[in-house]
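In our numbering, the protein residues as written are 58 to 197. Glycine included, C-beta positions come from ideal geometry on N, C-alpha and C.
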């Protein structure tokens with residue numbers, strides 16, 4: 058479906074349901090539709106609920122890597138946690154909720170990653186619609 062028509066159809070449907078004060082179960086595999094349409098959403102995988110939350114809560118604080126990936130692209134970094142800081146190839150990430158240990162994983166959405174020049178890193182970028190697609194390589 059043409060994106061503009063799809064958005065218009067979604068908005069019209071949601072407005073009609075809101076006007077009717079109708080409780081609705083909306084099933085979709087499209088993360089954008091789910092995030093825009095839901096008051097609450099449940100993320101399922103293989104018939105099991107991974108997370109049930111408000112859309113913003115589920116997007117910003119996913120319960121698992123699978124829940125994070127279900128709502129959009131993520132970057133996954135492995136590293137060690139020391140005193141509430143996860144050390145990754147791209148620098149330190151605050152992780153005060155994680156215990157110290159040799160192996161931890163951080164899932165970070167692209168829009169949450171500020172780009173600053175760094176030693177040992179190189180990259181290139183190109184326009185990709187409303188955003189730029191940037192590829193970065195780091196040593197280590």
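Apply the 10 Å Cβ neighbour rule to residue i and answer buried if 16 or more other Cβ atoms are within range, or exposed otherwise.
i, result
"residue 136", "buried"
"residue 127", "buried"
"residue 93", "exposed"
"residue 59", "exposed"
"residue 171", "exposed"
"residue 107", "buried"
"residue 138", "buried"
Taking the C-alpha atoms as reference points, what is the distance between residue i and residue j?
i, j, result
"residue 182", "residue 168", "15 Å"
"residue 90", "residue 67", "8 Å"
"residue 184", "residue 191", "9 Å"
"residue 129", "residue 77", "31 Å"
"residue 96", "residue 75", "11 Å"
"residue 160", "residue 114", "25 Å"
"residue 164", "residue 152", "11 Å"
"residue 71", "residue 65", "10 Å"
"residue 83", "residue 99", "10 Å"
"residue 194", "residue 112", "32 Å"
"residue 63", "residue 150", "38 Å"
Spell out the partners DSSP gives residue i in its beta bridges.
i, result
"residue 70", "Answer is none; residue 70 lacks a bridge partner."
"residue 149", "144"
"residue 100", "108"
"residue 129", "Partner(s): none; residue 129 has no beta bridge."
"residue 59", "DSSP output for residue 59 lists no bridge partner at all."
"residue 190", "183"
In this structure, does DSSP put residue i in helix, strand or coil?
i, result
"residue 84", "coil"
"residue 184", "strand"
"residue 163", "strand"
"residue 137", "strand"
Using only alpha-carbon positions, find the residue among the options that is nearest to residue i.
i, options, result
"residue 105", "124, 78, 161 and 163", "124"
"residue 142", "186, 157 and 121", "157"
"residue 146", "188, 187 and 132", "132"
"residue 88", "188, 150 and 116", "116"
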